[in-house]
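Let me begin by presenting the structure, written as structure tokens, before commenting on it.
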Amino acid sequence: MPPDGGRDEAVGATSGSSPRPPVPALPAGEVFTALGTSRRGLPTARARATLERCGANELPRAGRRAVWRQLGAQFTDLFAVVLIVASGITFLAYALEEPREVGTLQLAVAILGVVVLNAGIGFAQEYSAERTAEALEAMVPHTCRVLRGGERLEVPARELVPGDVVVLEAGDAVSADCRVVEAHELAVNNAPLTGESNAVDRTADPVATGPPLEARNCVFMGTDVVAGSGRAVVFATGAATEFGRIYRLAAAAPRQKTPLQLQVASMARRVAGAALAIGALMFAVRLPTGESPVTLFVFALGVMVALVPEGLPATLSVSLAIGVRRMARRHALIKQLLAVEALGSTTVVCTDKTGTLTQAEMTVTQVWAGDAPHSVSGVGYEPSGEVADVTPIREVLRVAGLCSNARLVPPTGPREHWRVLGDTTEGALLVAAAKAGLDLGAEEAAAPRVTEFPFDSARKLMTTVHKTGAGYQACVKGAPGELLARCTEVEWDGRRGPLSGADRAAVVAASDALASQGLRVLAVARRELDGPRPAQEEAESALTLLGLVGMLDPPRPEVTDAVATCRRAGIRIVMVTGDHPLTGEAVARRVGIVRRPDPVVATGARLDAMDDEALDALLAQPSELLLCRVSPEHKMRVVTAFQRRGEVVAVTGDGANDAPALKHADIGVAMGASGTDVAREAASMVLLDDSFASIARAVRLGRAVYQNIRKFLVYLFSHNIGELVPILAATFAGFPLVPISAVQILAIDLGSDVLPALALGAEPPEPDVMERPPRSRRERLFSAPVVGRILFLGGIQAVCVTAVFFWHIDASGIPFDDFTKDTPAYQEAITMVQAGIVLSQFFNALAVRTDRQSILKVGLLSNPALLAAGGFGVALMAAISYLPPLQAVFNTAPLDAADWAVLTGLGTVPLLADEARKAWLRRRAERQKEGAQR
Ligand code: ATP
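In this text, residue positions in the sequence shown follow the UniProt record's numbering: the first is 1, and each later residue adds one.
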């Protein structure tokens, strides 16, 4: 039967609502023929042809909202509705007015303009965020291991075809519907299909046909392998899978808002309420001036609209999205926006060792078999190097090599290197065996594998059972402590005997000696068996110890700096490793996680003996902490304990059983290159390069995002004070007209506010962002210093523009009551107020760029987008002042050079005052530091 017809053809299922593949009922051996394939998998050319015929193994994309719907949704949010209503009322006022004021019509149109502009920004932002999310998703490779023509290959999951033989291991996502043909303790989590999240065992034996999902010898697309290993033949791909069947084009899940977004949204609502109240107040206080109620109402409405921070949520989303994009460029993919915020306040990072702190480029450098250690030369995975005196350690390397699932891949091009497919620890063993001249292919042929008890990081052992000429043999390797406890004999240099107390001590001493050089140590053992299918306990007891293997995994060069940066940033780094305490400590010292002579090294066994209180006390000690020989369950417990102490915890993980800790932590960090699919799914951030340095960089960017949000909040809110105060002052001074009209305020909001706010949201991190302690989790966005700064900058701005207005009015010598809208002095004065705000906002944007540092230190010109946005605002203001059509709209007048000079001078006042404030803050901080040192 051809393997290429998708489910129905391939398995000859009956059509109908619940077709039942007969594959479950077949013995494993017959499955291959039934699906038109063989144990060696499909030949590559056939697989390619099949792919072309039945299409990629993909599901139709989850319904993306139609563009017009997305755009339409922008007009239905709270602010948009408020503004549309306001605009409607203004149109109505215009219609009812007698005589009709063109200014009212302009205001109505301007408010609609605000709505359209906001919708445009919101739409563009959402649209690009969706594209970014898709692009980021595509950056995490989704591959699976298959046999093609007898060779083990890694192929993109979308290229799987019916008939492919897939190799499954714990942590893999199942990428198609498959019939299991080989299972070693294989268990899957079918929750995505059945809703039950228990691990369910899989077998290779035939089962009676029944509902497809109940076939215990099938695995299904969308589920995960949680334990064990095995092989399975694909019988359905893409939409023909069970997952494809139940997959609905459900509307995209509602986008979750992060606490920060919620905080800003609720604050924006409050400000909107306040704006409404201020609008009403304006109406009330200006009523006695004798202006017509309609004019006053329209004016109050305009003030209210101007004060509503309509652009704020969109600006916030943009700056979060910029953070996400920047992190992606630095190899950290954010899966949940929440992580951007949490990253900025991270206080503890619990990090793995292998691959994150080290290069995961394992090289066996020492092998020990009862005598002096034998050194192995050569680096990387190229199997060329010398082994000192092979004979005594030959058996160690043979057994270790047989008990491995990795494969060495030779370079395919001149610039390529030897690679390992699978576990690098095992790859290193294969390389060492090759260096010792062993032909593992021949050894495997002489002793074919019949069963396997896969490695798991809780047991820290792996066993394979082989059929030899004389019977059956178990090859076991694992952590020395765990393995030694299961040994009763030793075989060193061909001599076999009982394992004495002295032998045990010698093994421990040799293992410690290797570990204290920072080597990862594995012990290797063997035993004879009667049958091919022993219980795991039987295969892993009464073992004969053969020797130890020590492998080097050099630290990543960039990690030392990253660790030092995190220390300066007040972030605690806790190494969590399954490795030996001595290995862990040696590596931790090399990368700077441990610097003092007395780090606290707690093992998994010690953690087990502690109750929660004792654990809390351990974590409360300020000392350097290493957790060694721990399992993923310990990791979870430690994360929870840190969180109990109020810490914001980032934790790394790669294995399937790291998933709970990854989910529970504030930031779960999965490895993109070496991690399992399950870990990547559970994490909120994926590191493309697996490096600790990427975590440090992401924290830095996370902090910068938060700082930037504060910057544009200060920027946006301070000018509102500059707009309101002159109006209040004019009212109380008894001036009959307003110093700035509603349309002018809107022009400021649209012309000089939105773009610089966006540019502030894209500011690069300040140089000292990693020199400060983490932000407290409880800290509100509108903290006292933020509000203080808004009042400080806004207050100075307000005083300046109010002074400019009255100075100009006074200079004209006209009594207050004689002023009308058309008085040239009035037109000039309001133009100056508007231009004054625009110019001081230009300098204000520069001031808020830094918290404490002088702007000169980060460079006045270092954010060109901000300068361009500010420049645009000033150019627009000049146009409003000089172009007759705009003069007609805004009731403005041309300013002369002296006016501009005065306004520019006044505009710099907030910047200069803020520089003085920052200098004072810096000096105070220095004095405090000196005081603390004394
Ligand atoms: P790290 O912090 O270095 O990433 P880990 O937590 O991933 O370590 P494990 O991979 O669980 O640690 O390894 C724990 C111990 O198990 C190792 O020190 C080693 O002795 C042993 N070990 C590791 N990989 C294998 C394997 N494939 N087969 C047998 N034993 C192994």
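Glycine included, every Cβ here is placed at the ideal spot set by N, Cα and C. Everything numeric in this text was worked out from a predicted model, so none of it was measured.
| Item | Value |
| --- | --- |
| Endpoints, alpha helix (DSSP H) assigned at Trp-418 | Neither: Trp-418 is in no alpha helix (DSSP H) and is coded neither H nor E. |
| Close beta carbons around Arg-524, own chain, < 7 Å, minus the five adjacent residues each side | The sequence given here has Val at residue 524, not Arg. Closer than 7 Å at Cβ, skipping near neighbours: Val-396, Val-399, Ala-400, Lys-477, Leu-546, Gly-547, Val-549. |
| Chain B within 7 Å of His-331, Cβ atoms only | The structure shown contains no chain B, having only a single protein chain. |
| Arg-778 versus Pro-554 - alpha carbon distance | 40 Å |
| Inter-stretch contact (C-beta, 8 Å, three-pair minimum) for the region 386-393 and the region 522-541 | no |
| Three-way DSSP call (helix, strand, coil) for Ala-485 in this model | coil |
| Cβ contact (3+ pairs, closer than 8 Å) linking the region 143-163 and the region 231-246 | yes |
| Expected contact under 8 Å - CB spacing of Arg-202 and Val-167 to nearest Å | Contact flag wrong, Cβ pair sits at about 14 Å. |
| Whole-angstrom C-beta distance between Cys-628 and Val-601, which should lie under 8 Å | 6 Å |
| Test item: CB-CB of Leu-903 and Gly-813 under 7 Å | no |
| DSSP state of Ile-721 mapped onto helix, strand, coil | helix |
| CB contact flag (Arg-486, Leu-429, <7 Å) | no |
| Reduced DSSP secondary structure (H/G/I, E/B, other) of Ile-695 | helix |
| Within 7 Å, strictly: CB atoms of Pro-660 and Met-636 | yes |
| Phe-455 beta carbon near the ligand ATP (any heavy atom closer than 6 Å) | yes |
| Backbone CA spacing between Ser-375 and Ala-436 [nearest angstrom] | 11 Å |
| Cβ contact check for the region 481-498 and the region 583-600: 3 or more pairs under 8 Å | no |
| Distance CB(Asp-658)-CB(Met-671) smaller than 7 Å | no |
| CA nearest to the CA of Leu-461, picked from Ser-404, Ala-506, Arg-179 | Ser-404 |
| Cβ pair Asp-172, Val-226 closer than 7 Å | no |
| With 16 other Cβ atoms within 10 Å as the buried cut-off, status of Thr-464 | buried |
| C-beta atoms of residue 946 and Val-738 nearer than 7 Å | Coverage of the chain is limited to positions 1 through 934, which leaves residue 946 absent and any answer about it impossible. |
| Arg-459: CB within 6 Å of a non-hydrogen atom of the ligand ATP | no |
| Beta-carbon proximity of Gln-125 to Ala-314, cut-off 7 Å | yes |
| Residue span of the beta strand (DSSP E) that contains Thr-203, given as start and end | Unbroken run through Thr-203: none, as it is neither H nor E. |
| Glu-771 classed as buried or exposed, judged by whether at least 16 other C-beta atoms fall within 10 angstroms | exposed |
| Which of helix, strand or coil DSSP assigns to Arg-567 | helix |
| Spatially closest choice to Ala-878 from Gln-517, Ala-280, Glu-828, by CA coordinates | Glu-828 |
| Beta-carbon gap between Phe-816 and Phe-732 smaller than 7 Å | no |
| Val-364 vs Met-575 beta-carbon contact at 7 Å | no |
| Start and end residues, beta strand (DSSP E) containing Gly-290 | Note, Gly-290: premise wrong, no beta strand (DSSP E); not H, not E. |
| Neighbour-count burial assignment, Glu-763, 16 or more Cβ in a 10 Å radius | buried |
| Distance cut-off 6 Å: Asp-579 Cβ against heavy atoms of the ligand ATP | yes |
| Heavy atom of the ligand ATP within 6 Å of Leu-552 beta-carbon | no |
| Thr-425 beta carbon near the ligand ATP (any heavy atom closer than 6 Å) | yes |
| Pick from Arg-589, Ala-784, Leu-402 that is closest to Gln-517, judged by C-alpha positions | Arg-589 |
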